[in-house]
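> Got a structure for you, written out below as structure tokens; questions coming shortly.
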Amino acid sequence: MCQNPAMPATAPQSAELDTRNHDRDRVGMTYVYPVVSRRARGVSIGVNLNPNNACNWRCVYCQVPNLTRGGPPAIDMAQLERELRQMLQDIVEGDFMARMVPQDMRRLNDIALSGNGEPTSAGEFPRVIELIGELLAAFDLTGRIKLVLITNGSLMHKSKVQAGVRGMADLNGEIWFKFDRATRGGLQMVNDTETDPERHYQRLKIATGLCPTWMQTCMFALDGNPPDGAEVDAWLALLARAKAEDLPLRGVLLYGLARDSKQPEATRLSRLSEDWLRALAARVEALGWRVQISY
Ligand code: SF4
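In the numbering used here, the protein residues as written are 1038 to 1332.
Here is the structure:
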């Protein structure tokens, strides 16, 4: 969640999607929004199951405006199906790419469950995955594009969530599992959650056993100071343990502050230097993990 820039499906004919447009509210649909992804050099169809801007965590770097605690209201599955079908139709069979997407990015890369809150907190999550599977098949896209779940992972112990994630594995699925810090204090400070790091590690383990999974971490400076050495060491120790335990993790997605936080702490946060992130990435690689950095 909070990583996909969004763009309106109902934008003026002359407007092109670009990677700088991050306003999910301009989409014109409730659940679905198209995005041009710089990293993938293509279009991602975002699915936002949290149109009420409610999340069970409150990360200090979160880009969701007016974020509140909680979960989503009941998902209108018929509306979600209509919106996703229309978006796929426009992209696959219509002139959406020609009208809206820069020429060098005219390829559909993925559908991403990435919204204004935690997607797996929707009770309909497993049914949403089934629906996406049905629509991928209807447009002959099964296995040809990725299905990405961007999650804080906090509900991965729930059987309903596991059922959905298991279904994703058959749909070229991939989980991006948030693990920003590996101490209680760090999780409290960064994600404003009482989550116990050991329990979160167990959830990560569950995810990796069900579907290809990347760990996703955001690093930033607070009041001008980078994360302290002990915090970084704890996070690296977690990755060392995952390697020792042979967790089938794909690797680490290491993020800087890509966009401005919409939370009260926003003015206290700042970007770390590229050198800082690269040095950390080198330490992760030394543990035997792949790393992708995003600034
Ligand atoms: S998990 Fe964090 S970053 Fe993602 S929507 Fe919730 S508060 Fe925002």
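We treat Cβ as the ideally placed atom computed from N, Cα and C, and that holds for glycine.
Restricting to Cα atoms, I'd like to know which of 1279, 1296, 1275 is closest to residue 1257.
Ranking the options by Cα distance to residue 1257, first place goes to 1296.
> I'd like the span of the beta strand (DSSP E) that includes residue 1165, first residue to last.
Taken as a continuous stretch (DSSP letters only), residue 1165 belongs to no beta strand (DSSP E), being part of the alpha helix (DSSP H) at 1162-1175.
> Consult DSSP for residue 1098 and reduce its assignment to one of helix, strand or coil.
coil
> Among 1310, 1127, 1282, 1308, which residue has its Cα nearest to the Cα of residue 1144?
From the listed residues 1310, 1127, 1282, 1308, the smallest Cα separation to residue 1144 is found for 1127.
> Please classify residue 1158 as buried or exposed, where buried requires at least 16 other C-beta atoms within 10 Å of its C-beta.
buried
> Work out the CA separation of residue 1331 and residue 1380 for me, nearest whole Å.
What the structure shows of the chain is the stretch from 1038 to 1332, and residue 1380 is not part of that stretch, so it cannot be assessed.
> To the nearest angstrom, report how far apart residue 1246 and residue 1285 are at their CA atoms.
Straight-line Cα distance between these residues: approximately 7 angstroms.
> Exposed or buried, which one is residue 1232 when buried takes at least 16 other CB atoms within 10 Å?
buried
> To which residues of the same chain is residue 1239 closer than 8 angstroms at the C-beta, ignoring the five residues directly before and after it?
1194
> CA-CA distance, residue 1077 and residue 1142?
Cα-Cα distance, rounded: 9 angstroms.
> Pop quiz: residue 1228 and residue 1096 are said to be a contact at Cβ under 8 angstroms. What is the actual Cβ separation, rounded to whole angstroms?
5 angstroms
> State the beta-bridge partners of residue 1082 as determined by DSSP.
1071, 1148
> Along the chain, where does the alpha helix (DSSP H) containing residue 1196 start, and where does it finish?
Where residue 1196 is concerned, the enclosing alpha helix (DSSP H) starts and stops at 1196-1206.
> Along the chain, where does the beta strand (DSSP E) containing residue 1252 start, and where does it finish?
1250-1255
> Given residue 1057, which residues of its chain have a CB within under 6 angstroms of its CB, disregarding the five upstream and five downstream residues?
Residue placement at residue 1057 cannot be trusted, given a pLDDT of 48 that sits under 50; what the coordinates show is reported in the next sentence. Around residue 1057: no qualifying Cβ.
> I need the straight-line Cα distance from residue 1085 to residue 1163, nearest angstrom please.
15 angstroms
> For residue 1300, which three-state DSSP category applies?
coil
> Of the residues 1253, 1321, 1244, 1069, which one's Cα is nearest the Cα of residue 994?
Shown here, the chain extends from 1038 to 1332; a query on residue 994 therefore has no answer.
> Do residue 1190 and residue 1209 have their CB atoms nearer than 8 angstroms?
no
> So what does DSSP say about residue 1292, is it helix, strand or coil?
strand
> In terms of residue numbering, what span does the beta strand (DSSP E) encompassing residue 1210 cover?
1210-1215
> Does the separation of the CB atoms of residue 1154 and residue 1248 fall below 8 angstroms?
no
> Could you check whether residue 1087 and residue 1102 sit closer than 8 angstroms to each other, using their CB atoms as the reference points?
no
> Considering only the alpha carbon of each residue, which of 1289, 1260, 1281 lies closest to residue 1309?
When only C-alpha atoms are compared, the closest one is 1260.
> Answer yes or no: do residue 1315 and residue 1288 have a C-beta to C-beta separation smaller than 8 angstroms?
no
> With respect to 7 angstroms, is the separation between the Cβ of residue 1089 and the closest non-hydrogen atom of ligand 1 below this value?
no
> Does the beta carbon of residue 1297 sit closer than 8 angstroms to a beta carbon anywhere in chain B?
Among the chains of the structure shown, chain B does not appear; only one protein chain is present.
> Ligand 1 and residue 1313: does the residue's C-beta get closer than 7 angstroms to at least one heavy atom of that ligand?
no
> Helix, strand or coil for residue 1192 per DSSP?
Note: residue 1192 maps to coil in three-state DSSP.
> Kindly indicate which three-state DSSP category residue 1318 falls into: helix, strand or coil?
helix
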